[in-house]
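Residues in the sequence shown are numbered consecutively from 267, following our numbering.
Okay, so here's the structure we're looking at.
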Amino acid sequence: MQVGVEIGGTFTDLVWLRDDGTVVTGKVPSTPGQVEKAVLDAVRSVDAPLAGVKRFTHGSTIATNALLTRSGAVTGLLTTEGFRDIVEIGTHDRTGNIYTAFYEKPRPPLPRRLIREVPERIDASGKVLLPLDKEATWREVEGLLADGVTSIAICLMHGYRSPEHERLLRDLIAERAPQADVFTSHEVSPEFREYERTVTTVVNAFVGPVVKGYVERLNTSLADDGYGGALRLMQSNGGIMPAAAAGSNAVRMLLSGPAAGVRAAIWFARRNDISDILTLDMGGTSTDVAIAPRLEARIGSELVVDSLPIRTTAMDMATVGAGGGSIASIDTGGYLNVGPASAGAVPGPACYDRGGTLPTVTDAQVVAGLLRPERFFGGQMALRTDLAQAALSGLGIGTSPQAAADAVLQMVNSNMASAVRLISTARGIDPRDFTLVAFGGGGPLHGAMVADEVGMRRILVPWAPGIASAFGLLVADLIVDVVASKMELLSDTSLDEAAIEALQRLCEAEAARLDLAPGSYEIQAGLDLRYAGQGFELTLWRDMKPASASEIDAVFQEEHKRRYGYARPALKTQVVNLRARIIQRNDASLKTPVSPASPSRERKDILLNGKRWDAQFLARAVLGVGEFVDGPAVLEEQTSTTFVPPGWRCTCLPDGDLLLEKS
């Protein structure tokens, strides 16, 4: 048996694969004040016997929330003498509005007074120019500890090339101040670019202790309930990792939940013979959009959280503040905004009757008639239409709460369509050639409306779409990424026998540290390549076999042309990093059950784009395999609601998934 639990901003979802191959789902409210409690609540809601569970996989936003709310550990930074202000100066990039006269640089999660310099210097070739002065360094460490620092990031100049001094400094602190958590750049992000490497190490030191403490509490709670196996966590790259690696690699979890959803979308698309997909994952606080041509999710070597560049492999996706709890407001110019502020799980939307009074997307869905209050969450959570109407009336737009609700829904659909364009059209990809996979609590409700905005004509709604991210935890492979900096022009020695053997040794050491049995995993090799002088790289993945420069360059030229529309074979190609990926394949065999048919069919008015429509409301289980329903129609189930607009048809596929097609 296997269990996957994913924590969202509003709900916590569970998928339990039982020993007979059947799948059971669970959904409970999240508990922001005591995050791990919701995990146990979800397990107990379905009576899963943890003593018999073989693998427990978890996805959480604990690392992201700690960074966004600045609630991590008190962090200090030790850097090379003369480079104290690397994280303060940053780069010339201006995120957001580049024209604002009041631009502020992104702030690292530590004040300047907690950044200390140490006397040492290693050059770009790895040669020691100035040996590390241990006693002078220790005085700086003592100063940080006296200032209340509990977690220390170490990022020395050219530590990616030669980590000798970083190791000496780490061991010194471990010997004299074992109570402090220590994180070194050569272990967190061994890549060149001082600002990005320093920020990544600092963020890891800031959120690492929080993640470590959370994992320890969760492990203890699971063990108390009978679970005897190892906990595994979802990473930003769509693979899982042992929880033992979480504390030292917390930055790998920053897109934990969204990545699990993309992994599930790929699984559902593959079983329905769909090859090119865009994903729309709408939850309680945000919507995440990703693209997977040929069912290969794009993986980048950097992600940006709170305007801070984090150098870690992650799925390439766009996120907008468009969730069920996103708050609608009127800005100083008199324009309607939706998000990014969210009512979250507590107090939640006004219609939840938990003290919330601000209008949200969920309130608009209720007032527009798309959500029936008595059927929300499978009837387990009744909604208050009167409270939703009162909240929307406070916006002061339109002639009625219904008109305000319609305006909010149109705005949130436009915001999500912009994210779809950002991940596709803005990169030279026509979204009309793709199928939109809509999931999450709100994805199927808005999927067709978003598709209409961007011209897409096919939508796949997976089985139990509201718990898709938790489902992705069951089907994901274990993936561990390893990187080694190697700045040189591409040559026949860039990926020769010696380079392959070096990568192999790095992977074997990492696998041993994570208790992965030899022979239980495979390894892929990767190269970060660019034209000499370019500011960004392309990562190419291949088998762990030697390759000549001409062979590698031919693939690079082809990929560069496919990605950016041009190639410059006359220019020299440069290697920036060597990468390797440890992959332990998931051999889980599961089949999603198709619910028995239900006779429930009713009709009710809904408001859409300023028009009233007589819509059919039915339980999703009404549709048998091969049966269809024409819009306007609303299909209800416990974890989500699917809306079929006028001009669309919804068909039930053989495995119980739904396919929406525009007439």
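Ideal placement from N, C-alpha and C gives every residue a C-beta, glycine not left out.
Keep in mind the model is a prediction, meaning the values are calculated, not measured.
Nearest candidate by alpha-carbon position, reference residue i, set the options
i	options	result
VAL841	PRO920, ARG828, VAL895 and VAL749	VAL749
ALA932	GLY599, ARG693 and ALA670	Summary: the structure shown does not reach residue 932, with the chain confined to residues 267 through 929, and so no result is reported for it.
PRO559	ILE540, SER567, LEU546 and SER552	ILE540
ARG529	THR297, VAL678 and LEU544	LEU544
ASP542	ARG638, MET647, VAL473 and THR701	THR701
ALA232	GLY342, PRO812 and PHE737	Nothing can be reported for residue 232, as the shown portion of the chain is limited to 267 through 929.
LYS752	GLY425, SER659 and THR278	GLY425
ASP758	THR626, ILE818, MET581 and LEU499	ILE818
VAL454	GLU408, GLU441, GLU354 and ALA512	ALA512
ASP547	PRO613, ASN679, LYS303 and ASP285	ASN679
ALA489	SER451, ILE439 and LYS320	LYS320
GLY504	ALA657, THR345, GLY318 and ALA580	ALA580
PHE642	TYR601, LYS293, GLY287 and SER391	LYS293
LEU901	THR858, PRO710 and ASP794	PRO710
SER567	PHE458, ASN603 and ASP597	PHE458
ALA471	ALA656, CYS421 and TYR787	CYS421
GLU406	ASP743, ALA791, ILE381 and ALA535	ILE381
PRO606	ALA616, VAL586 and THR598	VAL586
Cβ-based burial, residue i [other Cβ within 10 Å; buried from 16]
i	result
ALA462	It should be pointed out that residue 462 corresponds to Glu in this sequence rather than to Ala. Buried, by the Cβ-count rule.
PRO444	exposed
LYS877	exposed
GLU370	exposed
ALA654	buried
THR278	buried
SER666	exposed
TRP807	exposed
VAL891	exposed
ALA714	buried
GLN631	buried
ASP896	exposed
GLU302	buried
ARG360	exposed
GLU408	exposed
PRO377	exposed
THR486	exposed
TYR618	buried
LEU396	exposed
DSSP bridge partner residues for residue i (one or two, in chain order)
i	result
GLU754	VAL841
GLY295	It should be noted that the sequence gives Pro, not Gly, for residue 295. In the DSSP output, where bridge partners are listed per residue, PRO295 has PHE277.
ILE352	Answer is none; ILE352 lacks a bridge partner.
PRO575	VAL570
ALA899	GLN882 and VAL910
LYS400	In the DSSP output, where bridge partners are listed per residue, LYS400 has none listed.
ALA778	The partner list for ALA778 (beta bridge, DSSP) is empty, contrary to what the question assumes.
VAL612	Answer by DSSP bridge pairing: none, since VAL612 is not bridged.
SER595	ASN603
TYR797	THR839
LEU874	LYS877
GLN770	Paired residues: none, contrary to the question.
GLU788	ILE849
Cβ-Cβ separation, residue j to residue i (assumed contact under 8 angstroms), whole Å
i	j	result
GLY732	SER906	4 angstroms
THR291	ILE506	About 19 angstroms separates the two Cβ atoms, so there is no contact after all.
GLY523	SER311	The pair is not a contact, with the Cβ atoms about 19 angstroms apart (cut-off 8 angstroms).
LEU637	LEU649	7 angstroms
ILE789	ARG851	Wrong, their Cβ atoms sit about 12 angstroms apart, outside the cutoff.
THR551	GLY527	THR551 to GLY527, Cβ: 14 angstroms. No contact.
CYS918	LEU889	4 angstroms
VAL741	TRP533	5 angstroms
THR450	ARG577	Rounded, the Cβ-Cβ distance is 14 angstroms, inconsistent with contact.
ALA314	VAL269	6 angstroms
ALA535	LEU726	6 angstroms
ALA616	ASP629	5 angstroms
ASN681	VAL571	The pair is not a contact, with the Cβ atoms about 19 angstroms apart (cut-off 8 angstroms).
GLY356	PRO375	Not quite, the Cβ-Cβ distance comes to about 14 angstroms (not below 8 angstroms), so this is no contact.
Residue i Cβ short of 7 angstroms to the ligand MG heavy atom set
i	result
PRO898	Inclusion of the ligand MG in the displayed structure is not the case, the ligand content being empty and no account of it being possible.
message = Below 8 angstroms, how does it come out for the region 827-841 and the region 792-803: are there three or more Cβ pairs, yes or no?
response = yes
query = Taking one C-beta from the region 427-444 and one from the region 383-403 each time, how about it: are there three or more such pairs within less than 8 angstroms?
reply = yes
ask   = Pairing CB atoms from the region 820-837 with CB atoms from the region 865-876, are three or more of them under 8 angstroms?
value = no
request  = State whether the region 911-923 contacts the region 725-741, with contact taken as three or more CB pairs (one from each stretch) at a distance under 8 angstroms.
outcome  = yes
inquiry  = Under 8 angstroms: do the region 413-426 and the region 333-348 share three or more Cβ pairs, one atom per stretch?
reply    = yes
query = When the Cβ atoms of the region 368-388 are set against those of the region 476-494, are three or more pairs found closer than 8 angstroms?
reply = no
inquiry  = Under 8 angstroms, with one C-beta from each stretch per pair, do the region 671-681 and the region 613-632 reach the 3-pair mark?
reply    = yes
query = Is it true that the region 557-572 meets the region 589-607, where meeting means three or more beta-carbon pairs spaced less than 8 angstroms apart?
reply = no
message = Could you check whether the region 559-574 touches the region 767-775, counting it as contact only if at least three pairs of C-beta atoms, one from each stretch, sit closer than 8 angstroms?
response = no
inquiry  = Using 8 angstroms as the cut-off, can you tell me whether the region 681-692 makes contact with the region 718-728, which would need three or more C-beta pairs spanning the two stretches below that distance?
reply    = yes
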